[in-house]
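Taking it in order: structure first as structure tokens, then the write-up.
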Amino acid sequence: MRVENPLFLLDYDGTLAPIAPRPEEAFPHPEALEVLRALMARYPLYVITGRRVADLARLLPLPGLRVVGGHGLEEGQVGGESRLLFPVDLGPLRRVLPSCPGVWLEDKGFALAFHYRGAEDEPRARACLEGWLSAHEDLLRALGLEALRGKKVLEIKPKGASKGEAVLRLLPRHPGHTPVYIGDDATDESAFQALKGRGLTLKVGPGPTLAEGRLGDVEAVLAYLKSYL
């Protein structure tokens with residue numbers, strides 16, 4: 001499943017780092033920094049994540065590492081500036097935040113992520129969030145926002161931003177390279193779909209997917225990436 005002249009497009013959580021109860025606890029695989037540094041010296045590489053660029057930089061302190069954050073909402077480099085690509089006003093939504101047992105809010109500035117991983121009753125927490133979402137559909141529409149469902153998280157973000165949109169934005173910058181996208185979450189499916197017939201897409205872990213291939217876990221991801229070194 002190797003390609004010539006790869007353009008690496010890599011998710012972070014569940015791909016380069018094991019899933020953790022809280023985002024700040026999701027440290028990269030012990031070999032991730034060394035492997036990414038070596039790959040960056042040979043090929044174009046981006047980490048495409050739901051996290052903010054600044055937050056990922058603390059976990060992957062690799063100067064010059066190119067990051068697409070917020071599911072395509074911002075771009076930047078570790079050790080450099082980042083820029084927001086979609087205008088957003090979350091103020092009205094912050095005034096009507098839900099109160100759901102076991103749910104905690106991650107305010108990214110350009111998006112709101114409601115996490116329920118580790119809730120005592122995860123189905124109840126998810127149902128509470130979905131009820132709140134239904135009650136505020138008109139407000140989200142008026143603000144140009146939409147819901148994005150991931151692994152035990154509901155995220156509210158500007159409409160139109162997605163990992164699929166992001167990868168299509170990146171491809172023309174690297175002509176002659178074949179994209180290799182690796183991700184584990186439902187949020188990566190838009191990228192799998194966008195790259196159909198354009199490159200190689202690999203789903204990490206079980207579950208239905210639009211990806212062409214599959215890697216078992218984070219260990220398998222690192223083993224695959226090392227095959228290019």
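So in the UniProt record's numbering, spot 193 of the sequence shown is number 193, and the numbers just go up one at a time.
Each residue gets a CB set at the ideal place from its N, CA and C atoms; glycine is no exception.
Query	Result
Enclosing beta strand (DSSP E) for Val53 [first to last residue]	Careful: Val53 lies outside any beta strand (DSSP E), inside the alpha helix (DSSP H) at 53-59.
Where the beta strand (DSSP E) through Phe8 begins and ends	6-10
7 Å CB neighbourhood of Ala194 in its chain, flanking five on each side removed	Gly164, Val167, Leu168
Residue range of the beta strand (DSSP E) that includes Tyr43	No beta strand (DSSP E) holds Tyr43; DSSP gives it neither H nor E.
Chain-order list of residues whose beta-carbon lies under 8 Å from that of Leu93 (same chain, five-residue window excluded)	Leu112, His136, Leu139, Leu140, Leu143, Leu145, Ile156
Separation of Leu65 from Met40, as counted between CA atoms	8 Å
Supposed contact pair His177 and Pro44 - C-beta distance, whole angstroms, cut 8 Å	6 Å
Straight-line gap, Val3 to Gly213 (C-alpha atoms, nearest Å)	13 Å
Buried or exposed by the 16-neighbour rule on C-beta atoms within 10 Å, applied to Arg42	exposed
Residues bridged to His136 [DSSP beta-bridge criterion]	DSSP, once it has assigned bridges, lists no residue as partnering His136.
Whether Thr15 touches Val153 by CB criterion (9 Å)	no
Element boundaries [alpha helix (DSSP H), containing Leu168]	163-170
Nearest residue (CA-CA) to Ala161, options Leu7, Thr49, Pro23	Thr49
When Thr209, Ala127, Asp55 are compared against Gly69, the one with the closest alpha-carbon	Asp55
Proximal residues to Arg149 (C-beta, below 7 Å), its chain only, five neighbours per side dropped	Ala186
Secondary structure of Thr15, DSSP reduced to three states	coil
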